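Have a look at the structure below, then the notes.
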Amino acid sequence: MATRRKADPLDGAHARDLRGDPITGDRYYSKEFMEKEWDHMWTRIWHIGALLKELEQPGDYVLHHFRQESVVLVRQNDGSVRAFYNTCQHRSNRLAWGHAGSGNGFTCSYHGWHYGPDGKLEHVQDPDDFADGNPCDYVTLVELRCDIWGPFVWYNMDDGAPPLLEYLDPIPDLLDKRDYHKMERVLWKTFEMDANWKFASDNFNESYHLPTVHPQLTQNIDEDYKNTIFEMYPNGHNRMIEQGQPSMRAQNPNEVEPAWAHMLQQWDLDPEDFKGRARDGRIALRKQMRKLGPERGYHHYDVLNDSELTDPHHHTLFPNVTLTAAADGFSIFRTEPHPTDPEKCTFEYWYFAMPVEGVETVETIAGDRPIAAAEQERYDYGSGIPLPDLEGSFLTQDLTVAVGQQKGFHSRGYKDAKLSGQESRVRRFHEVLNDYLEGRR
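All residue numbers for the sequence shown refer to the working numbering, where the first residue is 69 and numbers rise by one.
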């Protein structure tokens, strides 16, 4: 097996390695720009199509709808997974509907053509009435490239695109030790948004907004750029590592605020012991997690370094996926464009938790959830329907800003973003996108 070359990061805290391409408002509302993204970028990158755990048995399938395309990912008899366009080769009718299912293949509801899980046509009506002979002898569903990394099944519409692991480099090298395949998706929230899909890529490529949009997070996350590691990688992916400790911008940075006290108490540390020196709790937490973790069943701590125990490791995967890793789980943000309207998108939030013997529930932003596969919860964000389980969460705070920002992109008073050094990854994202659109990638 060939060894992947580890990508060398650029300094993500400075703009010295960037061209300075302008980030103009029309990128967020122009239909012409939207079609360029489809033609030159979306059809060439790797997409998350399914969770591997959704495809446990032969014949299990999951559908992924992306703009005008629909892709079906199917577990094969030999254990592999294959991907096909969800389109009957007779007269283009869609074969499967909904999100997922299981069976011995796919039967078209129009004329009854039936395909096996391997995409081969197995039955047609009146096979002797075709001039080229029985279509079962030569017709198959159109297949896409398909591969697996982490807990995900990925697909790519471009036969000439680089292999998945090469495309993701160096993200697998950074994360593979975490045994993601053992984790369960315990929260699955889907929002229809009145904003362009790029709002999320911009937002999650910086933490400059954290003190103002998420002031509650300063109780246990130090967003100070001077203490944060920022990295940019050649394929357009980025990493940010903030320190898991109270921010000096917190209301009382040296005192133990409620969120920080809760974290200390989870590991039998007394918040009173950290009065006037709250930030010392980070080192104490690491020691306690090392000491008590194994006896509590958290054996996966053995492979994590000290920073991975206490600090959020935040990865943005070009172009539309964010993966934030913590000691006991990880979250995914995935944003996808609307089929026709550049000012709408679908935003998804998934949270994965590591099963631990004797632990039945896990804390999430929506309250405690059982450590079991979650059902999808759908929302039309901005419709006025209350979201009581998410009220005051960082998620709704981000989504609210996105809707307001989308309106501002239309203003004649907006020409380009004026970015700080710690926001360099925002411009880097747009420059990589430009590279795709202009034929440099």
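Backbone N, C-alpha and C define an ideal beta-carbon position, used for all residues, glycine too.
In this text the structure is predicted, and so the values were computed from the model without any measurement.
Closest by C-alpha distance to S160, out of T208, V471, N322, is T208. If you compare the alpha carbons of L141, S488, P279 with that of L119, the shortest gap goes to L141. DSSP places M102 within a helical segment (H, G or I) once states are collapsed to three.
Within the DSSP secondary-structure output, C214 pairs in a beta bridge with Y223. Residue state for Q319 is assigned as coil, using DSSP reduced to three classes. Proximity to T392 across W328, E428, L243, S479 peaks at L243, based on C-alpha coordinates.
By the criterion of a C-beta distance shorter than 6 Å, Q313 is surrounded in its chain by D290, R347, R350, once the five residues flanking it on both sides are discounted.
Burial check for N295: the Cβ neighbour count within 10 Å stays below 16, so the residue is exposed. The count of Cβ pairs closer than 8 Å, one atom from the region 209-223 and one from the region 235-249, reaches three, so the stretches are in contact. Linking F342 to N264 through their CA atoms gives a straight-line distance of about 44 Å. The continuous beta strand (DSSP E) containing V149 extends over residues 149-153. The region 273-288 makes contact with the region 491-506, as at least three CB pairs between them are under 8 Å. In this structure, I433 keeps its C-beta atom at 8 Å or more from the C-beta atom of S479. By the Cβ test, the region 241-261 is in contact with the region 429-443, since at least three Cβ pairs between them sit closer than 8 Å. Nearest Cα to S375 within the set K355, M109, T390: K355.
The C-alpha of P231 lies about 31 Å from the C-alpha of E190. Contiguous beta strand (DSSP E) elements confined to the region 388-446 occur at 389-394, 397-405, 413-421, 429-432, 435-438, taking only those with 3 or more residues. Listed in chain order, the non-local C-beta contacts of P126 below 6 Å within the same chain comprise R143, N145, local neighbours out to five positions each way being set aside. By the Cβ criterion, the region 376-387 is in contact with the region 300-311, since at least three pairs of Cβ atoms, one from each stretch, lie closer than 8 Å.
Separation of the CB atoms of Y153 and V139 is rounded to 6 Å, and the pair is thereby assigned contact status at 8 Å. The three-state secondary structure of V207, taken from DSSP, is coil. Within the DSSP bridge table, the entry for I351 names no partner.
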